[in-house]
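Enquirer:
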Amino acid sequence: MQTVHQLNNLNSNSSPLQRMAAAAFSILIFALSFAAHGEQSSSPSAESWLKRMGQTFKAANYSLSVIRVNQQHFEPIAIEHGIVDGEPLVYVNYLNGPEREILHRGDTVTYFQHDEPPYSVAGQRAVGPIPRAFINNIDVLKTSYRFVLGGRNRVMGRAAQLIRIEPKEADRYAIWVWLDAEHGMLLRADLVAPNGEPLEHIQIVSMSYSESPSPIVEQLAQVKLPAPVPLIESEQMSGQGRVRWVAGYVPSGFELIGRDRHKLGATNGLVDYQLYSDGISSVSVYVGSAVDGQPGKSLVSKGATHLMTVAKDGVEVAVVGQLPPETITRIVESVHPVVSKTAQPGRTP
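In mature numbering (1 follows the signal peptide of the UniProt record, and there is no 0), the protein residues as written are -35 to -1, 1 to 314.
Laid out in structure tokens, this is it:
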């Protein structure tokens, strides 16, 4: 407004040449303002970028080499994705340490490990280091996160757009993603603490696209997989009736996506297991018999992942996930038994 007022004064008190210059300047300011507005309105939003990424993840045939860095620990991972007869297939191969592979085909996830026979489970569980919401549905994040459009940068030699996915509450971490400007593919992702400290880093180091699925995807589409194991009902018997362990608190936006009872490889003891996710972070809850029967509490942290165990009343509760330690503590302290007295005595869980 001050500039307009000055121009008006110039028009009334100056020579014809000065008035012509002022008029030209006014036209230039208007043109630049209009151009800037048009550029801003035509620029894709942060949500549009994320949905484009999701389409690339779901629809393209691609091979990715990924490095995950967690407190100086480097983990190389190979990912193959393809569409065979209209059905997506994802193959994840962890390249360091003991052999560990995951195959997600349709509604079945199959695990291959060096010391166990392969087994399958039904359901849409997370596979690999890519957050579930990035592949399935970015809209599930809207209740708990804000999408913020950042600047442009260069990642892996390619032009990349930064999108900051910021939590609305301090009960979880932010994730900053850099997306390929050409294809929309994820190039880099950082889990970030509330103080801005990067906690975990995922970097795509090589990627390739193809019109048809890769030979390994074609081969895996034909492999006969073990049938999904029947899940044991997540309940135990007590003197009062059937006991179900539940988490009394999880952050808003987290949903129960898996529940079963299975044996832990290390102890061979049965544990009740629950898996929660908000689409980016996941948290697992384990409840089993206490090893020594002594009460106690411990916390182990590794980058963005925290494990807290609490032993009390003859049971041990363990909660592990990519959440702040304060949130993990609140979850583990909320786990409690619910007893149903309507169960039939003697029924085997």
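Heads up, the beta-carbon is just placed ideally off N, CA and C, and yes, glycines get one too.
Check whether the Cβ of Y241 lies closer than 7 Å to any heavy atom of the ligand COA, and answer yes or no.
Expert: For the ligand COA, the structure offers nothing, since it holds no ligand at all.
Enquirer: Please list the terminal residues of the continuous alpha helix (DSSP H) segment that includes L106.
Expert: Within the sequence shown, the letter at position 141 stands for residue 106. L106 -> no alpha helix (DSSP H), and no H or E assigned at all.
Enquirer: Going by the CB atoms, is the gap between I48 and G93 shorter than 8 Å?
Expert: Mapped onto the sequence shown, residue 93 falls at position 128. Mapped onto the sequence shown, residue 48 falls at position 83. No. Outside cutoff.
Enquirer: Does the distance from the C-beta atom of R137 to that of L288 stay below 8 Å?
Expert: If you number the sequence shown from 1, residue 137 lands on position 172. If you number the sequence shown from 1, residue 288 lands on position 323. Cβ atoms of R137 and L288: closer than 8 Å.
Enquirer: Does the stretch 242 to 255 touch the stretch 206 to 226, meaning 3 or more C-beta pairs lie closer than 8 Å?
Expert: Counting Cβ pairs under 8 Å, three or more are found: they touch.
Enquirer: Applying the 10 Å Cβ sphere with the 16-neighbour rule, what's the burial state of S109?
Expert: Here residue 109 is taken as the residue at index 144 of the sequence shown, counted from 1. Answer is buried; the Cβ neighbour count reaches 16.
Enquirer: Alpha carbon to alpha carbon, what distance is there between I167 and I32?
Expert: On the sequence shown, residue 32 is found 67 positions in, with the first residue counted as 1. On the sequence shown, residue 167 is found 202 positions in, with the first residue counted as 1. Rounded to the nearest angstrom, the two C-alpha atoms are 6 Å apart.
Enquirer: Inspect the beta-carbon positions of L54 and V182 and report whether they are closer than 8 Å.
Expert: Along the sequence shown, read from residue 1 onward, the residue named residue 54 stands at position 89. Along the sequence shown, read from residue 1 onward, the residue named residue 182 stands at position 217. Against a cut-off of 8 Å, the Cβ pair of V182 and L54 comes out as a contact.
Enquirer: Does the structure place the stretch 59 to 77 close enough to the stretch 107 to 121 that three or more beta carbon pairs sit under 8 Å?
Expert: Output reads no: the stretch 59 to 77 does not touch the stretch 107 to 121.
Enquirer: Going by other Cβ atoms of all chains shown within 10 Å of its Cβ, with 16 needed for buried, is Q239 buried or exposed?
Expert: As a working mapping, residue 239 is identified with position 274 in the sequence shown. Counting Cβ neighbours within 10 Å, Q239 comes out buried, since at least 16 surround it.
Enquirer: In whole angstroms, what separates the C-alpha of P159 from that of A186?
Expert: For the purposes of this step, residue 159 is identified with residue 194 of the sequence shown, where counting begins at 1. For the purposes of this step, residue 186 is identified with residue 221 of the sequence shown, where counting begins at 1. For P159 and A186, the distance between alpha carbons rounds to 42 Å.
Enquirer: On the three-state DSSP scale, how would you describe S299?
Expert: Taking the first residue of the sequence shown as position 1, residue 299 is located at position 334. The answer is helix: DSSP assigns S299 an H, G or I state.
Enquirer: Can you say whether R70 is buried or exposed, counting buried as having 16 or more other CB atoms within 10 angstroms of its CB?
Expert: As a working note, residue 70 is residue 105 in the sequence shown. Its Cβ being crowded by 16 or more others within 10 Å, R70 is buried.
Enquirer: Could you check which residue in G51, I100, E81 and V297 has the C-alpha nearest to that of G19?
Expert: In the sequence shown, the residue the question calls residue 19 occupies position 54. Ranking G51, I100, E81 and V297 by Cα distance to G19 puts I100 first.
Enquirer: Rounded to a whole number of angstroms, what is the C-alpha to C-alpha distance between F77 and R209?
Expert: In the sequence shown, counting from the first residue as 1, residue 77 sits at position 112. In the sequence shown, counting from the first residue as 1, residue 209 sits at position 244. Distance between the alpha carbons of F77 and R209: 30 Å.
Enquirer: Per DSSP, which one or two residues make a beta bridge with D145?
Expert: As a working mapping, residue 145 is identified with position 180 in the sequence shown. Answer by DSSP bridge pairing, in chain order: A125.
Enquirer: Take H79 as the anchor and find which of A87, I67 and D72 has the nearest alpha-carbon.
Expert: Counted from its first residue, the sequence shown places residue 79 at position 114. Residue I67 is the option with its Cα nearest to H79.
Enquirer: Using a threshold of 8 Å, state whether the C-beta atoms of W14 and L144 are closer than that.
Expert: Mapped onto the sequence shown, residue 14 falls at position 49. Mapped onto the sequence shown, residue 144 falls at position 179. In contact: W14 and L144 (Cβ atoms closer than 8 Å).
Enquirer: Go ahead and label G213 buried or exposed: buried means 16 or more other beta carbons lie within 10 angstroms of its beta carbon, across all protein chains shown.
Expert: The count along the sequence shown starts at 1 and reaches residue 213 at position 248. Exposed is the call here.
Enquirer: If I'm right that P260 touches A276 with Cβ under 8 Å, what's the distance once you round it to whole angstroms?
Expert: The residue given as residue 260 occupies position 295 in the sequence shown. The residue given as residue 276 occupies position 311 in the sequence shown. That belief holds up - the Cβ atoms of P260 and A276 are roughly 5 Å apart, short of 8 Å.
Enquirer: Have a look at S179, S249, S299 and W141 and flag the residue whose alpha-carbon is nearest the alpha-carbon of N26.
Expert: Locating residue 26 in the sequence shown gives position 61, counting from the first residue. Looking at the Cα atoms, S179 is the closest of the given residues.
Enquirer: By the three-class DSSP mapping on this structure, what secondary structure does Q168 have?
Expert: In the sequence shown, counting from the first residue as 1, residue 168 sits at position 203. Residue state, collapsed to three classes: strand.
Enquirer: Need the endpoints of the alpha helix (DSSP H) that S13 sits in, please.
Expert: On the sequence shown, residue 13 is found 48 positions in, with the first residue counted as 1. Taken as a continuous stretch (DSSP letters only), the alpha helix (DSSP H) holding S13 covers A11 to A24.
Enquirer: With DSSP collapsed to three states, give me the class of F219.
Expert: Counted from its first residue, the sequence shown places residue 219 at position 254. Looking at F219 - three-state DSSP - the assignment turns out to be coil, as it is neither helix nor strand.
Enquirer: Between which two residues does the alpha helix (DSSP H) containing V182 stretch?
Expert: Sequence index remark: in the sequence shown, residue 182 carries index 217 (1-based). Element bounds for V182: P180 to Q187.
Enquirer: Starting from Q239, follow its DSSP beta bridges and name the residues at the other end.
Expert: Here residue 239 corresponds to residue number 274 of the sequence shown, with the count starting at 1. Bridge partners of Q239: R224 and V250.
Enquirer: How would you call H301, buried or exposed, if buried means at least 16 neighbouring beta carbons within 10 angstroms?
Expert: Counting from 1 along the sequence shown, the entry for residue 301 is found at position 336. By the neighbour-count rule (16 or more Cβ atoms within 10 Å), H301 is not buried but exposed.
Enquirer: Anyone know if the C-beta pair for V252 and L272 falls short of 8 Å?
Expert: Taking the first residue of the sequence shown as position 1, residue 252 is located at position 287. Taking the first residue of the sequence shown as position 1, residue 272 is located at position 307. Cβ distance not < 8 Å, so V252 and L272 don't count as in contact.
Enquirer: Buried or exposed for S6, please, with buried defined as at least 16 other CB atoms from any protein chain shown within 10 angstroms of its CB.
Expert: Counted from its first residue, the sequence shown places residue 6 at position 41. Per-residue confidence for S6 stands at a pLDDT of 43, beneath the threshold of 50, marking its modelled position as unreliable; no derived number is given.
Enquirer: Per DSSP, what kind of secondary structure is E162 in: helix, strand or coil?
Expert: As a first step, residue 162 is located in the sequence shown; it is residue number 197 there, counting from the start. In this structure, E162 counts as coil in the three-state DSSP scheme.
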